Amino acid sequence: MDLIDISPEDAHRLIPLLQDLHALHVAHQPDRYPAAPDDAALTRWLTEWLSETSVTARAAVSPQGSVMGYMIYGIEHRPALPVRQAETRAMLHHIAVSESWRRMGVGSALIADLKRAVAAQGIQIVATTYAPFNSASAALMARMGLKPVNVMAEWRG
83 MDLIDISPED AHRLIPLLQD LHALHVAHQP DRYPAAPDDA ALTRWLTEWL
133 SETSVTARAA VSPQGSVMGY MIYGIEHRPA LPVRQAETRA MLHHIAVSES
183 WRRMGVGSAL IADLKRAVAA QGIQIVATTY APFNSASAAL MARMGLKPVN
233 VMAEWRG
């Protein structure tokens, strides 16, 4: 397995896994997420997002070059507030692993890569959010040392 950067021009390589990840969310929260977004629209959105200088996409690829998993993260600079210290953190926005590669260390390798990359920039905080139904993400985050610190709740009327 190799870990590679995914450029905005290569965003299309992530679409099958993004569709799988999105379908999981649609299955559990259909009122929150639109079903079956168009691949072309997802590619345009992802290409634009990955063009932001603070956003990084990395993929785990097989020796044959197929995408086994990916992550997208951004660097956030949070100013000090009367109730919070200033901090710079890496925010892990997406992580997805192809079904055939799950439970084989792909997700762990991606997060370890993220930790190394941000530590080299002097960043010591990695944060993420995941849906309450996503037990695989919860388990991966726990294995990698990420502990829940907040719970977000919402009402949709």
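In the numbering used here, the protein residues as written are 83 to 239.
We treat Cβ as the ideally placed atom computed from N, Cα and C, and that holds for glycine.
Given the structure is predicted, the values throughout are model-derived calculations rather than measurements.
Inter-residue Cα distance where the pair is residue i and residue j
| i | j | result |
| --- | --- | --- |
| L124 | I97 | 7 Å |
| A191 | Q146 | 18 Å |
| V208 | R166 | 16 Å |
| A122 | Q101 | 12 Å |
| A194 | R185 | 15 Å |
| A118 | H110 | 14 Å |
| P116 | R238 | 15 Å |
| N232 | L99 | 27 Å |
| S180 | G151 | 6 Å |
| W183 | L163 | 42 Å |
| V108 | V200 | 31 Å |
| G227 | K197 | 11 Å |
| G204 | K229 | 20 Å |
| V53 | V188 | Only positions 83 to 239 of the chain appear in this structure, which leaves residue 53 out of reach. |
Continuous alpha helix (DSSP H) stretch holding residue i: start and end
| i | result |
| --- | --- |
| L103 | I97 to H110 |
| L174 | Counting along the chain, L174 falls outside any alpha helix (DSSP H), though it belongs to the beta strand (DSSP E) covering E169 to V179. |
| A224 | S217 to R225 |
Proximal residues to residue i (C-beta, below 7 Å), its chain only, five neighbours per side dropped
| i | result |
| --- | --- |
| V137 | W131, I154 and G156 |
| A93 | T125, L128, T129 and L132 |
| E169 | R160 and I207 |
| F215 | H110 |
Endpoints, beta strand (DSSP E) assigned at residue i
| i | result |
| --- | --- |
| T125 | Not the beta strand (DSSP E): T125 falls in the alpha helix (DSSP H), residues D121 to L132. |
| L196 | Run containing L196: none in the beta strand (DSSP E); it sits in the alpha helix (DSSP H), V188 to A201. |
| V149 | V149 to R160 |
| A141 | V137 to V143 |
| D87 | D84 to D87 |
Assumed close pair residue i, residue j - CB separation to whole angstroms, cut-off 8 Å
| i | j | result |
| --- | --- | --- |
| Y212 | A220 | 6 Å |
| A176 | L103 | Checking the sequence shown, residue 176 turns out to be His, not Ala. The Cβ separation is near 7 Å, so the contact holds. |
Beta-carbon contacts of residue i that lie in its chain and below 6 Å, excluding the five residues immediately before and after
| i | result |
| --- | --- |
| R171 | E158, I207 and A209 |
| L106 | none |
| P90 | T129, L132 and S133 |
Problem - Cβ contact check for the segment 85-97 and the segment 128-144: 3 or more pairs under 8 Å - result: yes
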